[in-house]
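Note sheet for the following structure.
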Amino acid sequence: IDRAGLIVKGRENVLLQSNNFSNASWVLNGATLTSGQSGYDGSSNAWSLTSTTLNGSHRIIQTFTGVSNSIVTYSVFAKSNGYNFLRIIENASTGDFATFNLSNGSVANNTGIANTAIIASVGNGWYRCSVSVDGGNVTRFDIYTMETVGATSFLGDGVSGAYIQDAQVELGLAASPYIPTTTTTA
7 IDRAGLIVKG RENVLLQSNN FSNASWVLNG ATLTSGQSGY DGSSNAWSLT STTLNGSHRI
67 IQTFTGVSNS IVTYSVFAKS NGYNFLRIIE NASTGDFATF NLSNGSVANN TGIANTAIIA
127 SVGNGWYRCS VSVDGGNVTR FDIYTMETVG ATSFLGDGVS GAYIQDAQVE LGLAASPYIP
187 TTTTTA
């Protein structure tokens with residue numbers, strides 16, 4: 007209840023280290039990270055998520071405790087860095103996802119809750135990408151950088167990928183303003 011006596015929704019980013027992608031909370035798979043990149047907010051807090059030269063997926067992953075039978079919204083700020091597609095996927099319970107075209111600012115495809123995948127320009131080629139999915143007791147947030155719209159597994163070139171910044175997972179049907187986290191949720 008706020009100061010005016012009204013009931014307000016509590017917000018919480020359930021990810022740990024929401025913008026420290028090199029932390030042990032996050033696991034790289036077929037990708038490398040470089041910190042200190044120019045971010046959407048004018049900071050140097052963005053990360054370059056770059057494919058390796060392996061044939062496979064090129065992604066970063068965080069597993070966390072969810073709430074069964076809930077609706078969860080995943081979001082991240084992203085910009086193309088050689089590859090034009092980024093996929094956000096719940097990869098433990100449902101496999102629901104959305105693929106975003108970072109070259110033209112469109113949702114390429116999605117399997118999450120109907121009409122919840124949103125890509126919103128925040129300037130300078132940056133977008134906030136979000137999708138709402140059905141949550142489970144244990145869930146996983148995967149961010150893929152992709153060469154084409156449909157292939158999450160491909161032979162990477164070792165230099166292309168996407169810039170990412172400020173990941174968030176929250177209960178509810180829409181992405182709210184970003185809440186930074188470190189060693190605890192916030």
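Okay, so the sequence shown: first residue is 7 according to this note's numbering, each after it adds one. Don't be surprised by glycine CBs; every beta carbon is placed ideally from N, CA and C.
Hey, could you find the ends of the beta strand (DSSP E) Trp53 is sitting in?
Ala52 to Ser57
Give the DSSP-derived three-state secondary structure of Glu96 in the structure shown.
strand
Within 10 Å of its beta-carbon, does Asp8 have 16 or more other beta-carbons around it, so buried, or fewer, so exposed?
exposed
Would you kindly check if the distance between the Cβ of Val33 and the Cβ of Ile170 is under 9 Å?
no
Grab the span of the beta strand (DSSP E) containing Asp163 for me, first residue to last.
Here Asp163 belongs to no beta strand (DSSP E), and DSSP marks it neither H nor E.
Buried or exposed by the 16-neighbour rule on C-beta atoms within 10 Å, applied to Thr105:
buried
Run through DSSP, which three-state label would Phe196 get?
Absent from the structure is residue 196, since the part of the chain shown begins at 7 and ends at 192.
Hey, could you find the ends of the beta strand (DSSP E) Leu34 is sitting in?
Val33 to Asn35
Can the beta-carbon of Thr151 be found less than 9 Å from the beta-carbon of Ala123?
no
Spatial neighbours of Gly101 within its chain, please: C-beta separation below 8 Å, excluding the five flanking residues on both sides.
Ile95 and Thr117
Along the beta strand (DSSP E) that carries Tyr133, what are the first and last residues, could you check?
Trp132 to Gly141
How would you write the range of the beta strand (DSSP E) that Ile124 sits in, first residue to last?
Ile124 to Gly129
Which stretch, first to last residue, makes up the beta strand (DSSP E) that contains Thr71?
Arg65 to Thr71
Which residues share a DSSP beta bridge with Ile149?
Ile66 and Ile94
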